[in-house]
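Engineer: Chains as they are written, first to last, in the numbering used here: chain A, 874 to 1254; chain B, 1086 to 1573.
Just so it is clear, CB atoms sit at the ideal spot from N, CA and C, and this is done for glycine as well.
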Ligand SMILES: Cc1ncc(C[n+]2csc(CCOP(=O)(O)OP(=O)(O)O)c2C)c(N)n1
Ligand code: SF4
């Protein structure tokens, strides 16, 4: 009946990538992403692909630059410190319009941080850590199945937009084993017409991020921007879990969203009107979904395993219309069911007492209080 | 070729085919290069273009332009062109060559690019013996950015960042790339040439052709270092600059062949041909049919009560903690249920302990983290101490030990404490303790049919001997549980 196999998310990524036509993997080991590199080392040679452990992440991403220039669907994987080193190459690839897929199985930081699971690569991945006006598309799987599904989609998006695409997962999602089904059909690798493949047909092609003339560079940047705008129109994905009629909307991605699902169920059972909005694309961000939900929602609650990175995008999307509360754990710790239930209960109580306010409302309240105090003072003069 | 200054008519009339007829990518002044008069880059370009012509490889050639004065090499060459980040050309070339083994990859690099920022990339490409050709133009200085010191700058030579001349104390000694790379096993051909006079130029022409030819024969890594004048930054006339290459630079950088293993080199073995797409799933171990005959089991699972089992397994590494969890999850999947298995990893593994979270549910699983286990399997005392308090009231603790530590006792949970390791030893191997404990757990949970356990064992345990042992261990665990319950 079922074709599902128990598998780590990290192992599913490589299999899905190969089905998607990926035939090149260049990487450097780092916990908790190493199973991806190891699985690629095992499988790539068997399917006529190239696997190479590079001398550094700097070299690895530049190997992606090369393989992608040659028209090969190619990927790498890493975690925080390695992603930092790759930023140069990612900026070059975005500039030169080269597709690739990068799986970031994030860990604790800054610096060496630790090997625990954090979501603190959000800024460097979603906002981009390299130089220049560019964007990367970022997909956030929350299960082993999505590690497979979103990898396949990542390769499609990378080619469609000729741009690097990230898979941003945390250590748990990478390490966890769950049933996985590979629904994507095997894609035959083919050479795109812009590639430099060492052939007569491709001889006139050039891959570069360099545009010496100011107007030429400006035109190029407008072209890149138009692609990002298209992605914002066409590629946004999110999951709304009991959020449509929720007063308290929890927001989280990756492993956090799994925990928030359990909290949602428990809170609903306790009669609290809670829902979950889970961004699946972190860029483009599901801003419209927030606009829709904020009509009904009374408060948004961002939960993340970082120091308030996702919340910046949520605040922009909510745009001051509702209060945005925050809860986080860091250093490899995970928000627990109990502490989240306590938070939800607290917020439900505040809502019942009508004590939750946006910054603007608080500002008005403070101002009115000041005016009243001043009037009081004047009355006594 | 008597002068290093190439007048415009030469470019248009005796132009190698590997050069563009006019430099359309350049914008204005489409018939002159952007190089200064007397610059060595122009000469080296011409030698390379002629070699490509002579070897008949123009369609297959891919030129990697570096960052430096030759960043615009792609204006001139009518070949496949890729511009790379500063110093990274060998990494780019590596992946291009491996992706398209029929192509000819030229990594063209300056001395700042190759010896400073790109030191790691060139060293490793050479050490891997990549079948590429590196043309290394050494003018002893960062020219593009206006004349800062390079690792190759001569001792005492002034630059904008060594205004008093390069000092050994501050900047170290000039880096000799050919000598350095020649210590490696893999490279097949390394030569240093100069552009100091016509004789040197003739030798440089031959060396560059050989370095490209080696690649076309599949022999491996070749590098030619060219001592090259930069009259502009050196603040010399073109003629003086040429003399300086011959009279001064050459003393620090002796010309000659540093490595030539071309006679003994064998072409690399070609890739195995790619398998047909239809084979991919099988090669990757993706099951495309039913993994067992599940209908019967599905029914068993279906008439069972609702299952929602949360298990935490913990112990020392080597006790089979992760495998225990995996077999449980695999059996759950086989029985048609939703499952998740989440291991501890990284820092927790280092200390020699390991643990995992397993969930088996007839509904879809939200959080795979088991915060409130129904059953805790503690294979050693530290694990018991760490997780005992988390067990759901009414749940079970299976503890591997004769006596349950008094201070861990809870009134609200059931405990089965036995020396599972010794029990396993008696039936054949102490390492089967995990399976004895799993047997007890299966009885407690009473949610998984035997056929699913068998299927999971067969899938995850590779040796026949161990499967038999594990089956006995499981049975033993089941019996021990019942004995304990009778005793209660
Ligand atoms: C990451 C980075 N750092 C610095 C630069 C600035 N930069 C451009 S060219 C160059 C030096 C190139 O010197 P060399 O390789 O000797 O080439 P030449 O110009 O002498 O031919 C530098 C430092 C850059 N483009 N990228
Ligand atoms: S500055 Fe030097 S290296 Fe650069 S083009 Fe002029 S002469 Fe050549």
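In whole angstroms, what separates the C-alpha of residue 1064 of chain A from that of residue 1399 of chain B?
Structural biologist: For residue 1064 of chain A and residue 1399 of chain B, the distance between alpha carbons rounds to 50 Å.
Engineer: What does a CB cutoff of less than 7 Å around residue 1107 of chain B pick up in its chain, not counting 5 residues either side in sequence?
Structural biologist: Cβ within range, chain order: 1115, 1116.
Engineer: With 8 Å as the limit, tell me which residues of the stretch 1032-1053 of chain A have their beta carbon closer than that to any beta carbon of chain B; keep them in chain order.
Structural biologist: If the cut-off is 8 Å between Cβ atoms, the stretch 1032-1053 of chain A has 1044, 1045, 1048, 1049, 1050, 1051, 1052 near chain B.
Engineer: I want to see whether chain A comes within less than 8 Å of residue 1480 of chain B, judged by CB atoms only; does it?
Structural biologist: No, no contact with chain A.
Engineer: Cβ of residue 909 of chain A less than 8 Å from any chain B Cβ?
Structural biologist: Not an interface residue.
Engineer: Helix, strand or coil, according to DSSP, for residue 1508 of chain B in the structure here?
Structural biologist: Helix at residue 1508 of chain B.
Engineer: Taking contact to mean 3 or more Cβ pairs, one atom from each stretch, closer than 8 Å, check whether the stretch 1317-1324 of chain B and the stretch 1212-1220 of chain B are in contact.
Structural biologist: Cβ pair count under 8 Å is below three, so no.
Engineer: Quick check on the DSSP output: the beta strand (DSSP E) that includes residue 1202 of chain B runs from which residue to which?
Structural biologist: No beta strand (DSSP E) contains residue 1202 of chain B, which DSSP labels as neither H nor E.
Engineer: Starting from residue 900 of chain A, follow its DSSP beta bridges and name the residues at the other end.
Structural biologist: DSSP output for residue 900 of chain A lists A:926 as bridge partner(s).
Engineer: What does DSSP give as the partner residues of residue 1019 of chain A in its beta bridges?
Structural biologist: Paired residue(s): none; residue 1019 of chain A is not in a bridge.
Engineer: Which residues of the stretch 1081-1108 of chain A have a Cβ closer than 9 Å to any Cβ of chain B? Give them in chain order.
Structural biologist: Those would be 1081, 1082, 1083, 1085, 1086, 1089, in chain order.
Engineer: Alpha carbon to alpha carbon, how far is residue 1055 of chain A from residue 1419 of chain B? Give it in angstroms, no decimals.
Structural biologist: Going from the Cα of residue 1419 of chain B to the Cα of residue 1055 of chain A covers about 17 Å.
Engineer: For residue 1293 of chain B, is the classification buried or exposed, using 16 other Cβ atoms within 10 angstroms of its Cβ as the cut-off for buried?
Structural biologist: When all chains shown are included, residue 1293 of chain B counts as buried.
Engineer: Which runs of the alpha helix (DSSP H) at least 4 residues long sit entirely within the stretch 1462-1548 of chain B? Give them in chain order.
Structural biologist: Within the stretch 1462-1548 of chain B, the complete alpha helix (DSSP H) runs of at least 4 residues are 1466-1472, 1505-1512, 1518-1530, 1535-1545.
Engineer: In three-state terms, what does DSSP make of residue 1067 of chain A?
Structural biologist: Residue 1067 of chain A: coil per DSSP, three-state reduction.
Engineer: If the cut-off is 9 Å on Cβ atoms, which residues from the stretch 930-950 of chain A count as contacting chain B, listed in chain order?
Structural biologist: The residues in question are 931, 932, 933, 934, 935, 936, 937, 938, 939, 940, 941, 942, 943, 944, 945, 947.
Engineer: Whether or not the stretch 990-1003 of chain A and the stretch 934-950 of chain A are in contact is what I'm after, with contact meaning three or more pairs of Cβ atoms, one per stretch, closer than 8 Å; do they touch?
Structural biologist: No, because fewer than three Cβ pairs between the stretch 934-950 of chain A and the stretch 990-1003 of chain A fall closer than 8 Å, the two stretches do not touch.
Engineer: Please classify residue 1380 of chain B as buried or exposed, where buried requires at least 16 neighbouring CB atoms within 10 angstroms.
Structural biologist: Residue confidence is low: residue 1380 of chain B scores 48 on pLDDT, short of 50, so the model does not pin down where it sits. No coordinate-derived value is stated.
Engineer: Can you round the beta-carbon distance between residue 1046 of chain A and residue 1020 of chain A to whole angstroms, since I take them to be within the 8 Å contact cut?
Structural biologist: 7 Å between Cβ atoms; contact.
Engineer: Taking 7 Å as the cut-off, is the beta-carbon of residue 1120 of chain B closer than that to any non-hydrogen atom of ligand 2?
Structural biologist: Yes.
Engineer: Relative to the C-alpha of residue 1407 of chain B, which residue among B:1520, B:1262, B:1255 is closest?
Structural biologist: Cα-wise, what sits closest to residue 1407 of chain B is B:1520.
Engineer: Rounded to whole angstroms, what is the Cα-Cα separation between residue 1485 of chain B and residue 1392 of chain B?
Structural biologist: For residue 1485 of chain B and residue 1392 of chain B, the distance between alpha carbons rounds to 26 Å.
Engineer: Taking the continuous alpha helix (DSSP H) assigned at residue 1051 of chain A, which residues delimit it?
Structural biologist: Element bounds for residue 1051 of chain A: not the alpha helix (DSSP H) but the beta strand (DSSP E), 1050-1053.
Engineer: For the stretch 1206-1217 of chain B, which residues have a CB atom closer than 7 Å to at least one CB atom of chain A, in sequence order?
Structural biologist: Answer in chain order: 1206, 1209.
Engineer: Does the distance between the C-beta of residue 1151 of chain B and the nearest non-hydrogen atom of ligand 2 fall short of 7 Å?
Structural biologist: Result no, Cβ not under 7 Å from ligand 2.
Engineer: So does the stretch 1006-1020 of chain A actually touch the stretch 1036-1046 of chain A, counting three or more Cβ pairs closer than 8 Å?
Structural biologist: Output reads yes: the stretch 1036-1046 of chain A touches the stretch 1006-1020 of chain A.
Engineer: Using a Cβ-Cβ cut-off of 7 Å (strictly less than) and excluding sequence neighbours within five positions of residue 965 of chain A, which residues of its own chain qualify?
Structural biologist: Here the set comprises 938, 1082.
Engineer: Give me whichever residues DSSP pairs with residue 1152 of chain A in a beta bridge.
Structural biologist: In DSSP, residue 1152 of chain A forms a bridge with A:1111.
Engineer: My understanding is that residue 952 of chain A touches residue 906 of chain A, with C-beta atoms under 8 Å, so please give their C-beta distance in whole angstroms.
Structural biologist: Indeed, because the Cβ distance is near 5 Å, the residues count as touching under 8 Å.
Engineer: Output yes or no for whether 8 Å exceeds the beta carbon distance between residue 1362 of chain B and residue 1059 of chain A.
Structural biologist: Contact: yes.
Engineer: Is residue 1126 of chain A close to chain B? Criterion is C-beta to C-beta, closer than 8 Å.
Structural biologist: Chain B, which has no Cβ nearer than 8 Å to the Cβ of residue 1126 of chain A, makes this no.
Engineer: Under 7 Å Cβ to Cβ from residue 1505 of chain B, same chain only, skipping five residues before and after it: list those, please.
Structural biologist: Cβ neighbours of residue 1505 of chain B beyond the five flanking positions: 1485, 1518, 1521, 1522.
Engineer: Quick check on residue 1207 of chain A - is its C-beta less than 8 Å from some C-beta in chain B?
Structural biologist: Interface residue, yes.
Engineer: Could you please give the first and the last residue of the uninterrupted alpha helix (DSSP H) stretch that includes residue 1265 of chain B?
Structural biologist: Start and end: 1262-1266.
Engineer: What span of residues does the alpha helix (DSSP H) with residue 1175 of chain B cover, start to end?
Structural biologist: It spans 1174-1184 - the alpha helix (DSSP H) in which residue 1175 of chain B sits, taken as one unbroken run.
Engineer: Name the residue from B:1102, B:1480, B:1526, B:1347 whose alpha carbon lies nearest to the alpha carbon of residue 1162 of chain B.
Structural biologist: Nearest C-alpha to residue 1162 of chain B: B:1102.
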